[in-house]
Structure formats: C-alpha cells, structure tokens
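Residue numbering for the sequence shown follows this note's numbering, starting at 241 and increasing by one per position. Glycine is no exception: its CB is placed at the ideal position from the N, C-alpha and C atoms. The structure appears right after this line, and notes come after that.
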Amino acid sequence: MQLNNTSLYIHIPFCRKKCDYCDFFSVPRSLYASKPDFYTLYVRSLLNEISYYVKHYSVKGWNSVYIGGGTPSTLNEVQLKMLMDGVFKLAPKNDGCEVTLEMNGEDAEESYVINAAECGVTRLSLGIQVLDDEVLKKCGRVCTKEKALRALDIIKKNWQGRLSVDFIAGLPGCSYESLEKSMKTALTYPVDHVSLYSLMVEEGTPLEKNIRLGKVSVDDDQADEMWMKGRDFLEKNGFSQYEVSNFARKGCESVHNTTYWKLKSYIGCGPGACGTVYEDELRWNNKCDIDSYVSFFSSGPVMPDSRVCETEKIDVKIQQFEFFMMGLRLTEGVCENDYHERFGCGFPETFMKEFAVREKQSLAFTYEAGGRKYFTLGKKGILFLNSFLEALLREEEL
Numbered sequence: 241m242q243l244n245n246t247s248l249y250i251h252i253p254f255c256r257k258k259c260d261y262c263d264f265f266s267v268p269r270s271l272y273a274s275k276p277d278f279y280t281l282y283v284r285s286l287l288n289e290i291s292y293y294v295k296h297y298s299v300k301g302w303n304s305v306y307i308g309g310g311t312p313s314t315l316n317e318v319q320l321k322m323l324m325d326g327v328f329k330l331a332p333k334n335d336g337c338e339v340t341l342e343m344n345g346e347d348a349e350e351s352y353v354i355n356a357a358e359c360g361v362t363r364l365s366l367g368i369q370v371l372d373d374e375v376l377k378k379c380g381r382v383c384t385k386e387k388a389l390r391a392l393d394i395i396k397k398n399w400q401g402r403l404s405v406d407f408i409a410g411l412p413g414c415s416y417e418s419l420e421k422s423m424k425t426a427l428t429y430p431v432d433h434v435s436l437y438s439l440m441v442e443e444g445t446p447l448e449k450n451i452r453l454g455k456v457s458v459d460d461d462q463a464d465e466m467w468m469k470g471r472d473f474l475e476k477n478g479f480s481q482y483e484v485s486n487f488a489r490k491g492c493e494s495v496h497n498t499t500y501w502k503l504k505s506y507i508g509c510g511p512g513a514c515g516t517v518y519e520d521e522l523r524w525n526n527k528c529d530i531d532s533y534v535s536f537f538s539s540g541p542v543m544p545d546s547r548v549c550e551t552e553k554i555d556v557k558i559q560q561f562e563f564f565m566m567g568l569r570l571t572e573g574v575c576e577n578d579y580h581e582r583f584g585c586g587f588p589e590t591f592m593k594e595f596a597v598r599e600k601q602s603l604a605f606t607y608e609a610g611g612r613k614y615f616t617l618g619k620k621g622i623l624f625l626n627s628f629l630e631a632l633l634r635e636e637e638l
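Here it is, written out as structure tokens:
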C-alpha cells in the first residue's frame with residue numbers, strides 16, 4: 241500500500257498545567273522535571289515512529305503537518321528544530337504544504353516564534369479561549385490575559401505566516417460581552433482563522449467534577465446562544481464559517497483539518513494520536529502511555545504492536561457513514577459525485593430519506609457547483625448535525 245503524498249499529525253502530550261475542561265491526552269511537564277534529557281528522547285521516539293510509517297506506506301512528501309497536544313510549544317527551540325528537521329528529512333514538504341504548530345501564550349517568546357518559522361512552521365494556532373482573567377482562573381488556565389496579549393504582540397512583530405486563534409463560548413462565569421470583547425481585541429492582530437467552540441463538559445474532567453460538586457455552574461443553552469452570537473460577530477468581521485466550529489478569511493481555511501473532514505488518509509504519531517489509512521481499511525489509536533511509547537520506539541523505527549497501539553478495521557460501511565459524519569460538518573456539505581467516485585454507488589436511501597425531512601424543515605438544501613451536486617445542512621441545519629446522524633444510525637439499525 242502506497243500513500244505517496246499524505247498528511248501527518250504529531251502529538252506532544254505535555255502541558256504546564258492541564259485546563260479543567262480539557263479531555264485531550266496530556267500530562268504536566270513537571271512529571272519529567274528530574275529527567276532533563278527525556279524530551280529529546282521523546283522527539284527521537286516520535287521520529288522513529290514516523291520513519292516506520294514513511295517506509296511502510298512509501299510516503300514521498302507531506303501535504304500538511306500538524307503538531308498538536310497537549311502544548312507543543314512546551315518543546316524548547318532545540319527540540320522543535322530537531323523534530324522538524326527530522327520530519328522533513330524523512331519526507332519533504334510538497335508545494336503549498338501547511339505546517340501548523342499549536343502554541344499557548346506563555347510560550348510565545350520572540351526567539352521561539354522566529355525559530356518556529358526557520359524550522360518550517362507556516363501556521364501558528366494560538367489558544368486564547370477568552371481574554372478575561374476571572375474566567376481563565378475558574379477553568380484552570382495558566383495563560384492570563386496579559387500573557388495572551390503579549391504573545392499576540394510578539395507574533396505581530398515577528399511572524400509572517402498564518403495565524404489562527406481559539407475561543408470557547410460558555411466557559412464558567414463568562415458573558416457574551418466578555419467573549420465579544422476578546423474576539424474584537426484579537427482581530428486587531430493579523431488573525432486569518434478563528435476556531436470558536438461551544439463548551440463541552442467532558443466526563444472525568446476537573447470541570448465536570450466541579451459542576452457535580454456545585455463549585456461552578458454552566459448553562460448549555462446559554463453556551464449555544466453565546467456561540468451563535470459569536471458566529472454572527474465573526475461573519476460580520478470578514479470571517480466565513482466553513483465548518484461547524486471554524487471560520488476563516490478567504491483562502492485561509494485549515495488544510496490539515498480539511499484532510500479529516502474530507503476523509504483523506506493521514507498518519508498520526510505520538511501517544512494518544514490516531515492515524516487512518518482508508519485505502520488499507522486501517523485505523524490505529526496509540527495508547528495514552530508516554531513511558532511505554534518511548535521505551536518501545538527509542539530503539540528504532542519498528543512496527544507498532546499491541547504494546548503501544550490498538551487497531552481497527554475501517555470497512556466500507558464505516559467509511560460510508562463517516563463520509564456523512566465528517567462531510568456534513570462543512571458548510572459546503574457532501575458531494576454526491578465524490579460519494580459515487582469513492583464507493584461506486586449513489587447516496588443510500590436512509591440518507592436521502594432523512595435529508596428530505598430536513599429540507600421540509602428548511603434546515604437543508606441541495607445546490608450545484610462546477611457540475612457537481614452538493615447536499616448541505618446549511619447555516620441553521622448544521623446546528624442539528626448530531627440529531628441528523630443519530631437518525632441515520634437508527635435507520636441503519638432497522
């Protein structure tokens with residue numbers, strides 16, 4: 241099986257402190273404070289895992305690279321350079337390759353930003369969430385308003401690439417006025433992409449525990465209303481919604497994330513990372529165990545086994561459902577021609593039946609572009625994506 245050109249996700253599972261609402265796999269960097277060489281060893285292990293997949297799938301070049309976490313900017317400049325040099329030695333960047341580095345404000349030193357650009361990073365993704373210290377404190381964020389603004393100043397002066405920022409609607413104690421003021425401030429900087437999420441309370445997180453104990457409260461309806469107002473604000477300020485939670489100036493959509501939404505294959509490396517090769521009907525989920533991961537891959541580019549990852553078969557039926565699950569997140573919707581070219585058949589009756597129900601409710605519509613037919617849930621209907629997918633699953637089970 242040859243991929244030739246593909247995308248790469250790299251997971252850096254370290255944070256200064258885990259935020260109360262976060263359920264992504266990460267651990268406090270302080271756990272390895274007594275092992276100063278551990279992070280270099282971790283980078284070497286990452287490169288060995290990446291090397292295995294590059295050889296196994298005959299990867300010739302990268303269409304996109306995304307370094308996420310955790311907090312990737314907890315890697316120091318030498319470690320980041322070592323990682324990026326190694327990745328591009330294994331396979332070069334293709335023309336137009338997007339290389340994204342997630343960063344928190346407390347890590348945005350001038351030399352770090354300059355080093356990131358020199359290492360080949362083309363896009364920074366800065367986690368802001370909100371510029372309100374009282375709210376940030378309630379949800380356990382290390383980065384303060386002052387640190388976030390300082391980071392934006394440094395990036396403005398030293399960065400020529402793309403810049404994305406993250407916000408969350410509905411954080412405990414946050415008003416819409418505070419969220420809008422935060423976005424308005426951020427947009428005075430060269431931001432070309434915004435991810436605006438509605439708070440999700442994930443089971444097992446400190447936030448969920450604090451809610452159960454009555455220490456904080458959240459209102460789901462208020463969070464959704466705040467998100468919708470935030471969406472309207474962004475659209476009035478030159479950002480177009482192209483996915484459920486993502487907004488961009490024209491031509492600045494995330495190349496890497498679109499890989500997921502378009503059901504394209506990608507390699508995922510690092511503990512807690514996921515990779516999917518649809519042509520091979522294979523998905524792997526790396527276990528959330530940093531020490532076992534490093535122990536396994538530190539010796540060289542070996543084939544992963546059950547000690548570090550779990551695999552599952554992504555058969556045609558699963559791929560067909562994921563085509564709708566991921567594609568309907570995009571405001572452009574799903575293309576009937578793409579489906580036929582991929583699976584050799586038209587849209588299933590279950591989809592057409594449920595879509596027709598939404599059409600009658602003015603929550604969905606079809607259109608043609610470039611001689612191809614699209615089905616989209618539209619601006620209103622996309623808010624009910626989960627209920628639509630649940631209806632599809634119910635129909636399939638009958």
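Residues bridged to Pro268 (per DSSP): Per DSSP, Cys255.
Beta carbon of Gln369 nearer than 8 Å to that of Asp335: Here Gln369 is not near Asp335, since their CB atoms are 8 Å or more apart.
Span separating the alpha-carbon of Lys619 from that of Thr571: Lys619 and Thr571 have their C-alpha atoms some 7 Å from each other.
Closest by C-alpha distance to Glu342, when choosing among Leu411, Ile307 and Asn316: Nearest option by C-alpha distance: Ile307.
N- and C-terminal bounds of the beta strand (DSSP E) containing Thr311: Where Thr311 is concerned, there is no enclosing beta strand (DSSP E), given that its DSSP letter is neither H nor E.
Candidates Ala604, Lys593, Ala357 and Ser505: closest to Tyr518 by CA position: Residue Ser505 is the option with its Cα nearest to Tyr518.
C-beta contact flag for Ala604 and Gly586 at 8 Å: In terms of Cβ geometry, Ala604 and Gly586 do not form a close pair [threshold 8 Å].
Cβ contact (3+ pairs, closer than 8 Å) linking the segment 522-531 and the segment 539-552: A contact exists between the segment 522-531 and the segment 539-552.
Three-state secondary structure assigned by DSSP to Arg452: Helix at Arg452.
Among Glu562, Val431, Gly512 and Gly301, nearest to Arg363 - alpha-carbon criterion: Measuring from the Cα of Arg363, the nearest candidate turns out to be Val431.
Under 8 Å between C-beta atoms of Arg523 and Cys509: Not in contact: Arg523 and Cys509 (Cβ atoms no closer than 8 Å).
Neighbour-count burial assignment, Arg634, 16 or more Cβ in a 10 Å radius: Around the beta-carbon of Arg634, fewer than 16 other beta-carbon atoms lie within 10 Å, marking it exposed.
Alpha-carbon spacing of Gly410 relative to Leu271, whole angstroms: The C-alpha of Leu271 is placed about 31 Å away from the C-alpha of Gly410.
Cβ neighbour criterion (16 or more within 10 Å) applied to Val597: When all chains shown are included, Val597 counts as exposed.
Residue closest to Tyr437, alpha-carbon to alpha-carbon, out of Leu419, Leu453, Arg452 and Asn450: It is Leu419 whose Cα lies nearest to the Cα of Tyr437.
beta-carbon Asn303 near the ligand GTP non-hydrogen atom, thresh 7 Å: Judged by which ligands are present, the structure shown has none, so any question about the ligand GTP falls away.
Chain-order list of residues whose beta-carbon lies under 7 Å from that of Leu638 (same chain, five-residue window excluded): Note that Leu638 scores a pLDDT of 38, beneath 50, so its modelled location is shaky; the value from the coordinates is reported in the next line. Correct list: empty, nothing qualifies.
C-alpha gap between Trp467 and Leu287, whole angstroms: Put simply, the backbone Cα of Trp467 is about 39 Å away from that of Leu287.
Neighbourhood of Ser532 by C-beta distance below 7 Å, restricted to the same chain and skipping five residues each side: Apart from sequence neighbours up to five positions away, the residues of its chain that approach Ser532 with a beta-carbon distance below 7 Å are Arg547 and Val548, ordered along the chain.
Own chain partners of Lys397 with C-beta closer than 7 Å, once the 5 adjacent residues on each side are dropped: Shown here for Lys397: not one same chain residue has a beta carbon closer than 7 Å to its own, the five before and five after excluded.
7 Å Cβ shell around Val534 - same chain, five flanking residues per side excluded: Contacts found: Leu281, Tyr282 and Ser285.
Reduced DSSP category for Gly621 - H, G, I as helix; E, B as strand; rest coil: For Gly621, the three-state secondary structure derived from DSSP is helix.
Close-in-space but distant-in-sequence residues of the same chain around Gly540 (CB under 7 Å, 5 per side omitted): The residues are Asn288.
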